[in-house]
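Residue numbers (the numbering used here): 653 to 1180. Backbone N, C-alpha and C fix where the C-beta goes; we use that ideal spot for every residue, glycine too. Small disclaimer: the values here were computed from a predicted structure and weren't measured. These notes concern the structure reproduced below.
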């Protein structure tokens, strides 16, 4: 949740009014397209194939149901009665008209939501894990308020993404972010931070490196401010593909970056931002108590309920996939929002996950939840299965995409419909990206498909990986095949799954022996 006081609301409304003036200047011809692009990206407004798309910041993915209802209202009047959950726990409206955008922003602010700094070369939205230890969203809120509309960091060399993790299961992929915080407790039972910097996907996928270990919680703003300031000063600005902080650290080395950090501290030692307990207690005044779930009624357990319970109910959280058939992954319409509001408004809030799913952050009778979700058209049985697909918008919407990805995800979902067959296949994460920017995270899925442009048609490359959701040793997937046309995709996917079932392997390859054996059986070529 955002904690917006009077001054913060005033700043947000002022930025909306400034954009309205800039929009009038663009329509009257005072600004050209390139000049207006810088201004509209500050409010998350992208230009797509069909129309404009607006991305809304949802801090750490946390939404309450009043905000959800307001978003459904806006989707009725300003969009096509649905919106989209992204892999960065934001929300996108894909059919925004430019002339209605200022009115859209004013109504969006009623529920304390805004699109500020969701795109452009700035510090973007902060993602966090689904665990509830150490109140991870409160720390994220503290960091967000420091960097949001901070004029020193509004024009960085390139985009900058921050994530926070508080558990060993890495469900946010901490090491692929520009700046990552791992929260834990030391031997004295005090909260400390491990800081990772220099990760990222895209054209040059790199893992983040540890730069600070056992950092006291009072110094997180101080160190993160200095880290990003060094990047803002020394980052490359002459090449858009070499402007991320991962390239700067690769060029300088992590030891040289630490020397720059110490030099910055000695230079600006008078301006040190230390958090005191009065400030941090403001973000912890909510009572975040998670009660243990108890079945209040006698339940007739059936096969489908037990399988749903096994896959979707973990650590007192209820995971609900937004992956309906014949729809793009992550799309939720107003009818589904109405069902969620009518039956689950007693929940405190819900959280958007990076796999374009949602999780409820409170508890009710689980069996009643199961019946209601099953009755009202939620495809609830595909969480953590093969059909729980991550997909970027692809060529259907995005200007940068080389191939379609939503249509491929629909083909896969319509092919693998048998629940018994999906249950035999181990937990597999399938990710699809339409271009090299890796918005669909094809580098870190068990199976990844990357769209490439070839012969004016949709062609794809295959990536395989066995090691995800592990905080210590996350690795990138390997490219197995030369590119193939779209109608061969299901053929190769079935071949891969068949080989897994025959060899009774829960993972793809434990060592290089099985790796090359797998390549030999399928007649694949390995590209390094």
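Alpha helix (DSSP H) containing residue i: first to last residue?
| i | result |
| --- | --- |
| residue 836 | No alpha helix (DSSP H) contains residue 836, which is instead part of the beta strand (DSSP E) from 831 to 837. |
| residue 719 | 717 to 730 |
| residue 890 | Residue 890 -> no alpha helix (DSSP H), and no H or E assigned at all. |
| residue 667 | 658 to 679 |
| residue 692 | 685 to 693 |
| residue 990 | 986 to 996 |
| residue 907 | 906 to 919 |
| residue 1020 | 1018 to 1027 |
Rounded to the nearest angstrom, how far is the Cβ of residue i from that of residue j, given a contact under 8 Å?
| i | j | result |
| --- | --- | --- |
| residue 991 | residue 1028 | 4 Å |
| residue 818 | residue 790 | At roughly 11 Å, the Cβ-Cβ gap does not stay under 8 Å, so residue 818 and residue 790 are not in contact. |
| residue 833 | residue 824 | Not a contact, Cβ separation roughly 11 Å. |
| residue 1083 | residue 1042 | 4 Å |
| residue 858 | residue 898 | 5 Å |
| residue 1049 | residue 701 | 6 Å |
| residue 726 | residue 760 | 6 Å |
| residue 850 | residue 901 | 4 Å |
| residue 1012 | residue 969 | 7 Å |
| residue 1117 | residue 1089 | That belief does not hold up - the Cβ atoms of residue 1117 and residue 1089 are roughly 18 Å apart, past 8 Å. |
| residue 986 | residue 733 | 5 Å |
| residue 1129 | residue 1103 | Not a contact, Cβ separation roughly 15 Å. |
Nearest by alpha-carbon distance to residue i: which of the options is it?
| i | options | result |
| --- | --- | --- |
| residue 806 | 823, 732, 671 and 771 | 771 |
| residue 1035 | 713, 692, 850 and 1071 | 1071 |
| residue 872 | 850, 792, 1113 and 667 | 792 |
| residue 1131 | 1146, 1032, 1096 and 682 | 1096 |
| residue 705 | 1127, 692 and 714 | 692 |
| residue 984 | 861, 1059, 723 and 1106 | 723 |
| residue 695 | 1064, 736, 729 and 753 | 753 |
| residue 720 | 999, 810 and 849 | 999 |
| residue 739 | 821, 976 and 1091 | 1091 |
| residue 1126 | 860, 697, 699 and 742 | 860 |
| residue 1107 | 1081, 1135, 1038 and 1116 | 1135 |
| residue 890 | 963, 690, 810 and 868 | 810 |
| residue 671 | 731, 681 and 768 | 768 |
| residue 1061 | 718, 997, 982 and 750 | 982 |
| residue 795 | 961, 804, 1040 and 775 | 775 |
| residue 617 | 1104, 1038 and 1042 | Because the chain here runs from 653 to 1180, residue 617 falls outside it and cannot be looked at. |
| residue 1005 | 1150, 1020 and 737 | 737 |
| residue 852 | 865, 894 and 875 | 894 |
| residue 787 | 757, 801, 843 and 1146 | 843 |
| residue 977 | 892, 1128, 1115 and 1068 | 1068 |
| residue 1142 | 973, 1065 and 1085 | 1065 |
| residue 746 | 731, 757, 760 and 914 | 731 |
| residue 1024 | 1045, 1003, 1001 and 996 | 996 |
| residue 1009 | 989, 972 and 987 | 972 |
| residue 974 | 1007, 963 and 968 | 1007 |
| residue 1002 | 660, 808 and 718 | 718 |
| residue 661 | 967, 1098 and 800 | 800 |
| residue 960 | 1019, 979, 903 and 989 | 1019 |
| residue 777 | 735, 896 and 813 | 813 |
| residue 707 | 735, 688 and 659 | 735 |
| residue 863 | 686, 878 and 870 | 878 |
| residue 1053 | 830, 913, 1112 and 669 | 1112 |
| residue 892 | 828, 808 and 840 | 808 |
| residue 830 | 798, 876 and 845 | 876 |
| residue 865 | 666, 1151, 1073 and 835 | 835 |
| residue 756 | 669, 828, 1148 and 963 | 669 |
| residue 1109 | 703, 1047, 681 and 816 | 1047 |
Would you say the beta carbon of residue i comes nearer than 7 Å to a heavy atom of the ligand HEM?
| i | result |
| --- | --- |
| residue 772 | With respect to small molecules bound, the structure shown includes none, and the ligand HEM cannot be examined in it. |
By the DSSP assignment, the beta strand (DSSP E) with residue i in it spans what residues?
| i | result |
| --- | --- |
| residue 867 | 861 to 868 |
| residue 843 | 843 to 849 |
| residue 1002 | 1002 to 1004 |
| residue 855 | Residue 855 -> no beta strand (DSSP E), and no H or E assigned at all. |
| residue 704 | 704 to 708 |
| residue 698 | 697 to 699 |
| residue 971 | 969 to 973 |
| residue 1011 | 1009 to 1012 |
| residue 1042 | 1041 to 1043 |
Using a Cβ cut-off of 8 Å (strictly closer), state whether residue i contacts chain C.
| i | result |
| --- | --- |
| residue 1134 | Although the question refers to chain C, the structure presented lacks it and comprises just one protein chain. |
Q | Sequence ranges, beta strand (DSSP E) only - wholly within the stretch 1051 to 1130, length at least 3 | A | Entirely contained in the stretch 1051 to 1130, the beta strand (DSSP E) runs reaching 3 residues are, in chain order, 1082 to 1085, 1099 to 1106 and 1109 to 1116.
Q | 3 or more residues per run - each beta strand (DSSP E) lying fully within the stretch 726 to 811 | A | Entirely contained in the stretch 726 to 811, the beta strand (DSSP E) runs reaching 3 residues are, in chain order, 734 to 737, 743 to 748 and 775 to 780.
Q. Taking three-plus beta-carbon pairs below 8 Å as touching, is the stretch 708 to 715 in contact with the stretch 1043 to 1058?
A. no
Q: Report yes or no: do the stretch 872 to 882 and the stretch 899 to 918 share at least 3 C-beta pairs separated by less than 8 Å?
A: Contact holds: three or more Cβ-Cβ distances are below 8 Å.
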